[in-house]
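Q: So in the UniProt record's numbering, spot 179 of the first sequence is number 179, and the numbers just go up one at a time.
Sending over a structure as structure tokens; questions will come in a sec.
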Amino acid sequence: MSDAPLVLWFRRDLRLGDHPMLARAVASGRPLVPLFILDPETEALGAAAKWRLGLSLADFARRLEGLGSRLILRRGPALAVLEQVLAETGAMGVHWSRLYDAGSIARDGAVKAALRARGLEAVSHEGFLLHEPWQVATGQGGFYRVYTPYWNAVKGRDVAAPEPAPKRLSGPAVWPQSDVLADWQMGAAMRRGAGVCLPFQVVGEDAAQARLAAFLETRVQDYKAARDFPARDATSRLSENLTYGEIGPRSIWHGGWRAMQDGAAGAEHFLKELVWREFAWHLMYHTPHMAEANWREDWQGFPWREDNADAEAWRRGMTGEPFVDAAMREMYVTGTMHNRARMIVASYLTKHLMTDWRVGLRWFADCLTDWDAAANAMGWQWVAGCGPDAAPYFRVFNPAGQAEKFDADGAYRKRFLDPRSPEARRYFEAVPLSWQLAPDQPAPRPLIALDRGRERALAAYAARKS
DNA sequence: CAGCACTTGAT
DNA sequence: TCAAGTGCT
Numbered sequence: 001m002s003d004a005p006l007v008l009w010f011r012r013d014l015r016l017g018d019h020p021m022l023a024r025a026v027a028s029g030r031p032l033v034p035l036f037i038l039d040p041e042t043e044a045l046g047a048a049a050k051w052r053l054g055l056s057l058a059d060f061a062r063r064l065e066g067l068g069s070r071l072i073l074r075r076g077p078a079l080a081v082l083e084q085v086l087a088e089t090g091a092m093g094v095h096w097s098r099l100y101d102a103g104s105i106a107r108d109g110a111v112k113a114a115l116r117a118r119g120l121e122a123v124s125h126e127g128f129l130l131h132e133p134w135q136v137a138t139g140q141g142g143f144y145r146v147y148t149p150y151w152n153a154v155k156g157r158d159v160a161a162p163e164p165a166p167k168r169l170s171g172p173a174v175w176p177q178s179d180v181l182a183d184w185q186m187g188a189a190m191r192r193g194a195g196v197c198l199p200f201q202v203v204g205e206d207a208a209q210a211r212l213a214a215f216l217e218t219r220v221q222d223y224k225a226a227r228d229f230p231a232r233d234a235t236s237r238l239s240e241n242l243t244y245g246e247i248g249p250r251s252i253w254h255g256g257w258r259a260m261q262d263g264a265a266g267a268e269h270f271l272k273e274l275v276w277r278e279f280a281w282h283l284m285y286h287t288p289h290m291a292e293a294n295w296r297e298d299w300q301g302f303p304w305r306e307d308n309a310d311a312e313a314w315r316r317g318m319t320g321e322p323f324v325d326a327a328m329r330e331m332y333v334t335g336t337m338h339n340r341a342r343m344i345v346a347s348y349l350t351k352h353l354m355t356d357w358r359v360g361l362r363w364f365a366d367c368l369t370d371w372d373a374a375a376n377a378m379g380w381q382w383v384a385g386c387g388p389d390a391a392p393y394f395r396v397f398n399p400a401g402q403a404e405k406f407d408a409d410g411a412y413r414k415r416f417l418d419p420r421s422p423e424a425r426r427y428f429e430a431v432p433l434s435w436q437l438a439p440d441q442p443a444p445r446p447l448i449a450l451d452r453g454r455e456r457a458l459a460a461y462a463a464r465k466s
């Protein structure tokens, strides 16, 4: 039955081009049934990411319809749904693009085993990363724990050229029934209201490609220096699109590579940032405990504070530290936060407020529309001191010093704190009543003096060693 | 085993 | 100038 339909199980690869699984499926000549499953793992996404995924699904469904196809939406445990759809369509196989977190690996492995045991085809494909985590190894054959050697190992490697998007997709004689996306209520958990972040989202494959092209056209030149200044529009902002697979890493790699050969000054640095994502997934695959436990296991027992009132002030952007509060409000109102600001708020929570990095990670998971489990686990642990990197414990960011350095004119702080700015106004419209925040409220007194917080953190780190 | 290098800092 | 351990070749 070589003309039996094939089910394409889409997850974090909501695009048509640069898509190995889709390209191979089209080449097989079989009728294709694109499927998205709202399974328990996906239901568990943070509020903002789940809502943003809904936008991506709507866009992807439209793109598929433009090719004469559809996106079938079903809800339930993945294996049960796949078996139903296989039975309904007479399909003989399922294909998907691999993911690399422990939960996905367990789920997909079980799906593969169960389907193959019934004589069905179950095939996973690359495409989420530039390099499979098991294909990058040190001279000793192990995995990398340090970024720079990892970069040196992959920077010269060939990356397959992105496949062009198919022009048409053939479908089954009879389509299986599909849920209606709106019924899934993907934005239901957004306490701030689903529409708040909408103006800040750039959704879908066309938009992501345009974003990449625009970045490579101009901003990449000055990227290396300008990316550190949070008030400037100097970064690509592609993390949002990468998260849902609206663009693939190979498209970005080849774009960046071309820019580098054309002499764009910041292009290599841009490629390095893309490879940081890659490195995070490399670590996530080889050390899956990174998602939840201290990556350095000898940090067990470190006296982090559990969730507490200071952490709640941090979440609300009410620490009294202007740069920190601006950044936390940026995330709440836009669904994203500038990279440098992420480091500073993470340092402030874990060092000055001595609070467990997982408290911060959970809030990021709830608020970020570019939520990436590996990049966040690695980043939080790096800042906290328990993650990969040799000696970060004495690296305590001073938010006031950082503000002076990277937001000297105060433009970033004003944008999210000054009630006259549109972004700040949006913030005050969005916060839940229970937060009791008003535009005319005076800035809170700092939770802790910066030098005292620094000393307290360093003392705790010193005590850990003895 | 030696030697080298280490994303983003602070005072 | 500090601080200093460790991962990698």
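No residue lacks a Cβ here, since even glycine has one placed at the ideal position from N, Cα and C.
In this text, all values refer to a predicted model and were calculated from it rather than measured experimentally.
1) Flag this pair as yes or no: are the beta carbons of leucine 8 and proline 40 separated by less than 7 Å?
2) Can you tell me the Cα-Cα spacing of asparagine 376 and histidine 286, whole angstroms?
3) Under three-state DSSP, which class holds residue 552?
4) If we ignore side chains and look at the alpha-carbon of each, how far apart do alanine 225 and alanine 110 end up?
5) Let's see if you can read the secondary structure: which residues bound the beta strand (DSSP E) around arginine 74?
6) In terms of residue numbering, what span does the alpha helix (DSSP H) encompassing serine 124 cover?
7) Does DSSP classify leucine 368 as helix, strand or coil?
8) With burial defined as no fewer than 16 other Cβ atoms inside 10 Å of the residue's Cβ, what is the status of threonine 138: buried or exposed?
9) Give me the Cβ distance between methionine 354 and arginine 305, rounded to the nearest whole Å; I'm assuming they're in contact under 8 Å.
10) Using a Cβ-Cβ cutoff of less than 6 Å, which residues in the same chain neighbour alanine 165 once the five nearest sequence positions on both sides are dropped?
11) So, with DSSP's three-state summary, where would you put phenylalanine 143?
12) For glutamine 221, I'd like the list of residues in its chain whose CB is within less than 8 Å of its CB, leaving aside the five on either flank, ordered along the chain.
13) Starting from the C-beta of alanine 122, find all residues in its chain whose C-beta is less than 6 Å away, skip the five residues before and the five after it, and write them out in chain order.
14) So, at 6 Å on beta carbons, what are the nonlocal neighbours of tryptophan 382 in its own chain, with the 5 sequence-adjacent residues on each side left out?
15) Between the C-alpha atoms of methionine 1 and arginine 107, what's the straight-line distance to the nearest angstrom?
16) Tell me valine 33's beta-bridge partners as DSSP assigns them.
17) Starting from proline 422, trace the alpha helix (DSSP H) in both directions and tell me its first and last residue.
18) Three or more C-beta pairs closer than 8 Å, one from the segment 177–194 and one from the segment 230–246: is that the case here?
19) Counting only the same chain and skipping the five closest in sequence on each side, list residues whose C-beta sits under 7 Å from that of glutamate 423.
20) What does a CB cutoff of less than 7 Å around proline 219 pick up in its chain, not counting 5 residues either side in sequence?
21) Does the segment 67–87 come into contact with the segment 135–153, if we say contact requires no fewer than three beta-carbon pairs (one atom in each stretch) closer than 8 Å?
22) DSSP three-state label for leucine 181, please.
23) Along the chain, where does the alpha helix (DSSP H) that runs through tyrosine 348 open and close?
24) Taking the continuous alpha helix (DSSP H) assigned at leucine 437, which residues delimit it?
25) Using 10 angstroms around the beta-carbon of residue 467, count the other beta-carbons present and answer buried if the total reaches 16, otherwise exposed.
26) So which of Phe36, Leu274, Arg30, Ala462 has the shortest CA-CA distance to residue 471?
27) Alpha carbon to alpha carbon, how far is glycine 248 from methionine 260? Give it in angstroms, no decimals.
28) When the Cα of arginine 157 is compared with those of Gln185, Asp206, Arg250, Tyr244, which residue comes out closest?
29) Beta-carbon within less than 7 Å of alanine 78's beta-carbon, same chain only, minus the 5 sequence neighbours each way: which residues are those?
30) Taking 7 Å as the cut-off, decide whether the C-beta atoms of valine 203 and leucine 368 are in contact.
31) In whole angstroms, what is the alpha-carbon distance linking tyrosine 461 and aspartate 206?
32) Assign arginine 118 to one of three DSSP states: helix, strand, or coil.
33) Throw me the rounded Cβ distance for the aspartate 325 and glycine 317 pair, which I believe falls under 8 Å.
34) In or out: glycine 68 buried (at least 16 other Cβ within 10 Å) or exposed?
A: Put simply:
1) Contact annotation: leucine 8 and proline 40 have beta-carbon atoms that are not nearer than 7 Å.
2) If I take the Cα positions, the gap works out to 16 Å.
3) In the structure displayed, the chain extends from 1 to 466; residue 552 sits before or after that span and is not available.
4) Rounded to the nearest whole angstrom, the CA to CA distance from alanine 225 to alanine 110 is 46 Å.
5) Element bounds for arginine 74: 72–75.
6) First-last for serine 124: 121–125, but that is the beta strand (DSSP E), not the alpha helix (DSSP H).
7) If DSSP states are grouped into helix, strand and coil, leucine 368 belongs with coil.
8) So threonine 138 ends up on the exposed side.
9) That pair is a contact at about 5 Å.
10) In chain order, Leu16, Gly17 place their CB closer than 6 Å to the CB of alanine 165, counting only its own chain and leaving out the 5 sequence neighbours on each side.
11) In the structure shown, phenylalanine 143 sits in coil (DSSP, three-state: anything other than H, G, I, E or B).
12) Non-local C-beta neighbours of glutamine 221 in its own chain, meaning closer than 8 Å and more than five positions away in sequence, comprise Ala264, Ala265, Gly266, ordered along the chain.
13) Taking C-beta separations shorter than 6 Å and ignoring five residues to either side along the sequence, the partners of alanine 122 in its chain run Val94, Lys112, Leu115, Arg116, following chain order.
14) For tryptophan 382, where only same-chain residues beyond five positions count, the Cβ hits under 6 Å are Asp389.
15) Because the pLDDT of methionine 1 is 49, which lies under 50, any placement of that residue in the model is unreliable, and the number read from its coordinates should be weighed accordingly. Going by the C-alpha atoms only, they are around 27 Å apart.
16) When beta bridges are read from the DSSP output, valine 33 appears opposite Val7.
17) Run containing proline 422: 422–430, per the alpha helix (DSSP H) assignment.
18) Taking 8 Å as the limit for Cβ pairs, the verdict is that the segment 230–246 does not touch the segment 177–194.
19) Result list for glutamate 423: Val333, Arg415, Phe416, in chain order.
20) Looking at the sequence itself, residue 219 is arginine, so the reference to proline does not match. If we look at arginine 219 and ignore the five residues flanking it on each side, its Cβ neighbours are Ala234.
21) Contact fails: fewer than three Cβ-Cβ distances are below 8 Å.
22) The answer is helix: DSSP assigns leucine 181 an H, G or I state.
23) Neither: tyrosine 348 is in no alpha helix (DSSP H) and is coded neither H nor E.
24) Unbroken run through leucine 437: none, as it is neither H nor E.
25) The shown model of the chain, from 1 to 466, leaves out residue 467, and the question about it has no answer.
26) Lying outside 1 to 466, the shown extent of the chain, residue 471 is not represented and no answer is given.
27) One C-alpha to the other measures close to 19 Å.
28) Relative to arginine 157, the option among Gln185, Asp206, Arg250, Tyr244 whose CA is nearest is Arg250.
29) Taken in chain order, the residues that qualify are Ile37, Asp39, Arg107, Val111.
30) No, the Cβ-Cβ distance between valine 203 and leucine 368 is not below 7 Å.
31) If I take the Cα positions, the gap works out to 48 Å.
32) Coil, per DSSP.
33) Rounded, the Cβ-Cβ distance is 4 Å, consistent with contact.
34) The C-beta of glycine 68 has fewer than 16 other C-beta atoms within 10 Å across all chains shown, which makes the residue exposed.
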